[in-house]
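Take 1 as the starting number for the sequence shown in full-length UniProt numbering and just add one per residue.
No residue lacks a Cβ here, since even glycine has one placed at the ideal position from N, Cα and C.
Predicted model only: the values in this text are computed from it and were never measured.
Report on the structure given below.
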Amino acid sequence: MRSRLPSDAQTGRNSIVERFLADATSYAVTPSSEESDPSQKSAIAGPHPSPKADDYEARLKKFCESCDLLKAPVWNCRWCDMDFCDPCWYLQGPHKPGRTGPDGYPHEKADPIIVARFKSILTPTKDQTEQQGLCLEDDNALWFGVARDALNSTVFTGYERYSALMNECNTGEHVSRCPQLVSFIGQIGTGKSTLIKMLIDQQEMQYHPDKREFLSPVVVSSRDERSPTSSGVRLYSDPATCQGEFPRLYADCEGPEEGYHLPAIFHTGDIPMQTKETVNLTTEEQTRAETSKERQTRRRKFERAGLSEEKKRQYAVTELYPRILYAFSDVVVFVLRDSKTIEASALSLLIAYASSSLETSLNQPILPHAVIAVNAVEVNINQEDWDPLHTTKSFMSHTAAAMLLETPAYRRLAEAWRKRGRRIATIQDLLVLYYSSITVVRIPIKGRYMLIDEQVKRLYGLLTTRLNHSLAVKRRSRMLANSEEFDLSIQSAFNHFSRDLHIPFNFLNSTYGVNTKSLNFGANILKLAVMMKSSTYTEPRSLFTELSFMVASCIVLDSIRQGFKGSFKWILGEAYLNHCDHALDQFCAAFWPCSFVNRRGRCVNMTERHNKGHQNARGEIIGVGQYQSDFTWDSFAEQWHDLLRKHTSRIVALVHAEMASSSTMTELAAVIAVHAININTFFGRIGGATKYVSHSACFCCLRGIAEHPLPCGHILCTACVKGFGKAHTRLPGSVTTTSCPLHSQGAVFGPLWEIHIKPALAGVRVLSLDGGGIRGIVVLEVLKSIEEELGGRIPVMNFFDLVVGTSIGGILALGLGVKEWSIQQSIELFPKLIDKIFTSKVLGGTRFGTSKYSTHHVEDALKECFKDDLIFGGFPEVPSAYTRKVAVTATTESGEHGVIITNYNRASDEQGKARATSAAPIYFKPFAHTRTGKSFLDGGIYHNNPVRLANRESQTIWSDVGDHHPDLLLSLGTGRDDEDDPFSKNWPQHSQAHLKSVLDAEQTWRDFRMDVIGSSSFIHARRYVRINPKITIRRPKLDEKAKVFELQENIRAQMDRQLHRVKIGTVAHQLVASSFYFELFGLIRTYAEDPRTVITGTIACRFAAGSDDIRNLGRYVRKQHAQSFQQFFNIQELDCEKSKVIQIPLTADILSNMIDFGIFDMGMIEIPVTQATSVVSIDLFMSDDHWISQLRSGLPISGFPRSFLGAKESDRRGKMPGIKTGYMK
């Protein structure tokens, strides 16, 4: 299979030596030079300052063993085994000029701290118990490996090591962090683990001198050097970069032949495939094995590992591990033991490793850099051989430049490449196909500790340079993955290779697998094309030529928004071209007429509707024959593709130029700026944006769903209002804008237009209103009681995110939720509305198939209430109409299907919505929607109690909380008694069967509550509340309008009863608690002395800062304050016996700020949890009222309890303010 190589690997790269020399001077040989690259500075230095010289010198103070004085610095002599100060050093006989040690070189003047550090690494303990303890601890570093399951089947097992490292070191300073991977490969005993340990230890001494908290590999004693230290692939963090933007990770992979050997300390969590022995585990080992199982993220069976040999660990070590590490590593360090055959061993390892892995991945971001680390080198070599530049030049000139004739295996590889069109003359030509660069560095044998320290620094600096190069290449190719994308990609690779090792893994496919493709893109292009045809264009080629510019700009915008990786040319073909082709094909098939013309006119039939032959606009048959057109998909597709590629390329260049204009400009900000110009240009050329309005598609990006109406009539998706608007200064998560991006100069809004968006971690409050004709007054009286309980100053509707109603409940939902009628206004208006609606058009009864009341009266009444405004889109006067979602139910005229009509993403006039939901059979004839021609009956036929529909809609609208219970689902009935309504025999047959089963709204509620809650706890069950007061008079019929005032008085009396007062009080407190939510700053760090993840954020209010609502909420909360009770928020990790309870008091100062200044500020809160998956509850304790037991146990704030593991980077606010802590129990 022909592999896909990066373009720079295929053209113009003929000399690895030249590539090395070009940047050899940039790699660091001392830590101070590491900061020369600005892009890597934060990654290396992180938030930790370099140690001060005075501190270091203080640690060096020791007694000189010659003069017996406490001095600094004092130097250690390995051969003399003594410490001397500077003056005394040269007084010693062995240190006089010309004297040498046993190795033929002068005694080394060594830093005692460095000596002690390297001695502890290079001379590990031989105590078996101590080594076992170290290996048990090192098990926490296991990233992935192979094992056998309970059925003795080979499984590939992944652990949480990567996510743990990224969470532990996340300070919240960087919005996005991009990990870099350095993998260490080598045979048993070459010192891979030792080298990683020295790198970690050296940086830890520099950046964390007072702490030893970084896990590093276990180094075995010399007697175990021919046994692997451990199994699987283990992952370690670099102390210098762990908290930076580019954290460096070290992967320690067991060697190719290690599958045949047991580890130095038998690892029970990763059982060797070939062993048949019975192993007796100690209690501690059994405990660790159980812990290891808990850390597992997933076990994957080798589905196609049919051969018995493939079931062994050796197969995984030699085939599976190289594929993964070669594909994902920025640098691969090949560790070799010093020998006379170093050149041959290095070449063999490099070529074998890469050739087995090169063709197992596609669209790999970059070929890894190769570093050959020659370990345990004798010191009696030329000084220049310690210089990696010199060593690499020597290696390449003497070895890589050799001809291929001597080795049959290399000749076979060369021949294979020649067949692919690549000429291979030397081994160097072969190596350049597998690695971005090759460098050789030598590490001396133990004894010369300062030389070891210098060479390890050189290795670290070399890795920094290579990682910087990899970073730059990935940025250019748009394949730089952040921490989440890296994890998703490698998990995808785990899944892929566990299924089949012989099919290449495609990086781009894994990227698209975790992003949502543009499923509506083609349909939205088609909508715009059809509008262009109807408005301006009569020639299809010019139409699609003009349209290609807009489409290309939307493709670039969408691909950057979604974080697609790879070149835009590839992205266009892979992710978007099918959608573009679909739009063109459908336009040709369904919207472009036949071109047949004669003296009787032109054929107007489309290709899919040409069964009658040629017909003119009058319907006359003007000819026979098939559809004719010179504009078809086949004739224009190639030109369409070329136009898209050309415009995409030009727009990408403009984005890059925009980024180059400012060092702080992000790619997303740049593409938004360019796209804003493009869409204004495009709509200006096609006659102005005002001609193009869609209520289903966002015409700003052609991908999103139209959700947020603007005063000019255009409706944008959430991504576009966030991208082209500005963050709301008083309402976190929401947006303001002063103009429409489709015509920013022609549509400038006077006041700021506010677009309300639910906060990221907040839950949902849902209100469901039953139908019931004139009994709708019951709903209003219940809402009035709740509003009065809340103090009467905050409109009760301001506490709800979604309102769903049926019949009269639908009309009230529109009035309260969209038109923002007050409760009192609605109560006053209700009798008038009912009186007009139920005006009989005939005297006496009704006959079968006729309606009792005139539709004209209904329409007149609704028009008087709702005017001529559109419920969605149009030209709204205030943005508050879209603060909450409103849905009303209806039924198709046939009575077969219940439907829902909403104020979100659906176009219809307001009267149309209200009429559709109140067209009860027998009472009113079916309502025909004038725009669509569809007829609807009353929604009560299917959803008289629309609670199920309301719950489902809330999950659909806000998918981020779709798996959570709502903060509150309040279902309001229209009164109940002990008798069912008598059903009219004149009702149509299709209505009677449904009405008998669903008009019993209480049974609907009981069934729903049982289905939704199931076995859930009481805490979740109390989120679902039904209030349906019992009517103690005879329950009026739906149209018995004379009984409205009598019913109203009866319900008011019922609401004053203690039972209802308690229920109303509980609902009011639930609504208040749901007015607060947690605003996440980040999942930051784990302290070594207290190894728990810390969640940082604050408790915020869902009402806008400075608003009357937040002031009145403060007044209400303060009114609940009791002399002996301090109100507080209670924070606790659930299902954890050792969790600490955090109580944050709601102090008088906080409430005063709410009331006086409209500001709610709790300061930053830190929540320690045992693990990132922990579920946390945050409850508001506002009262100890003995009448309401729920209040004594607290009420959850919006969106809680919940886990923070699924919180995205975009859910976090960013930089954290100062901490205001509460007190802990």
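Please name the residue or residues paired with residue i in a DSSP beta bridge.
i, result
"residue 697", "705"
"residue 901", "888"
"residue 1079", "1098"
Can you tell me which of the options puts its alpha carbon nearest to the alpha carbon of residue i?
i, options, result
"residue 591", "526, 500, 456 and 648", "526"
"residue 240", "1204, 1010, 249 and 299", "249"
"residue 667", "557, 713 and 710", "557"
"residue 1154", "966, 1111, 1168 and 576", "1111"
"residue 671", "579, 605, 770 and 561", "561"
"residue 579", "678, 640 and 1100", "640"
"residue 1135", "234, 798 and 1174", "1174"
"residue 137", "201, 156, 146 and 219", "219"
"residue 1194", "1169, 696 and 1126", "1126"
"residue 1038", "195, 754 and 974", "974"
"residue 633", "1184, 540, 598 and 555", "540"
"residue 1013", "1026, 1057, 965 and 1002", "965"
"residue 117", "446, 245 and 398", "446"
"residue 830", "723, 1042, 463 and 961", "1042"
"residue 653", "589, 810, 596 and 476", "476"
Exposed or buried, what is residue i when buried is set at 16 or more other beta-carbons lying within 10 Å of its beta-carbon?
i, result
"residue 951", "buried"
"residue 105", "exposed"
"residue 1128", "buried"
"residue 664", "exposed"
"residue 75", "buried"
"residue 615", "buried"
"residue 102", "exposed"
"residue 925", "Summary for residue 925: the model assigns pLDDT 35, below 50, so the residue's position carries little reliability; its value from the coordinates is reported in the next sentence. Residue 925 should be labelled buried."
"residue 1010", "exposed"
"residue 408", "exposed"
When DSSP labels each residue in this structure, what does residue i get in the three-state scheme?
i, result
"residue 969", "strand"
"residue 1275", "Missing from the structure shown is residue 1275; the chain here goes from 1 to 1225 and no further."
"residue 82", "strand"
"residue 520", "coil"
"residue 95", "helix"
"residue 70", "strand"
"residue 617", "coil"
"residue 1011", "helix"
"residue 366", "coil"
"residue 688", "coil"
"residue 934", "At residue 934, the pLDDT of 40 sits below 50, so the modelled position is not reliable and the matter cannot be decided from this model."
"residue 592", "coil"
"residue 487", "helix"
"residue 194", "helix"
"residue 449", "helix"
- Query: Does the pairing of the stretch 1065–1085 with the stretch 754–762 give three or more beta-carbon distances under 8 Å?
  - Reply: yes
- Message: Check whether the stretch 1044–1060 and the stretch 781–799 touch, using three or more Cβ-Cβ pairs below 8 Å as the test.
- Response: yes
- Task: Report yes or no: do three or more beta-carbon pairs, one from the stretch 675–686 and one from the stretch 737–754, lie closer than 8 Å?
- Result: yes
- Given 8 Å as the limit, is there contact between the stretch 1145–1165 and the stretch 1094–1112, that is, 3 or more CB pairs closer than that? yes
- Give a yes or no on contact between the stretch 487–502 and the stretch 153–168, applying the rule of three or more CB pairs nearer than 8 Å. yes
- Segment contact flag, the stretch 107–127 with the stretch 66–85, C-beta cutoff 8 Å, min 3 pairs: yes
- Message: Under 8 Å: do the stretch 359–370 and the stretch 319–339 share three or more Cβ pairs, one atom per stretch?
- Response: yes
- Query: Is the stretch 1166–1182 close to the stretch 1092–1107, with three or more CB pairs under 8 Å?
  - Reply: yes
- Message: Measuring CB atoms only, is the stretch 347–358 touching the stretch 421–436, in the sense that at least three cross pairs come out at less than 8 Å?
- Response: yes
- Message: Between the stretch 454–473 and the stretch 80–100, can you find at least three pairs of beta-carbon atoms closer than 8 Å?
- Response: no
- Message: Below 8 Å, how does it come out for the stretch 388–397 and the stretch 438–445: are there three or more Cβ pairs, yes or no?
- Response: yes
- Looking at C-beta atoms only, is the number of pairs between the stretch 463–473 and the stretch 383–391 that lie closer than 8 Å three or more? no
- Query: Is the stretch 638–656 close to the stretch 566–579, with three or more CB pairs under 8 Å?
  - Reply: yes
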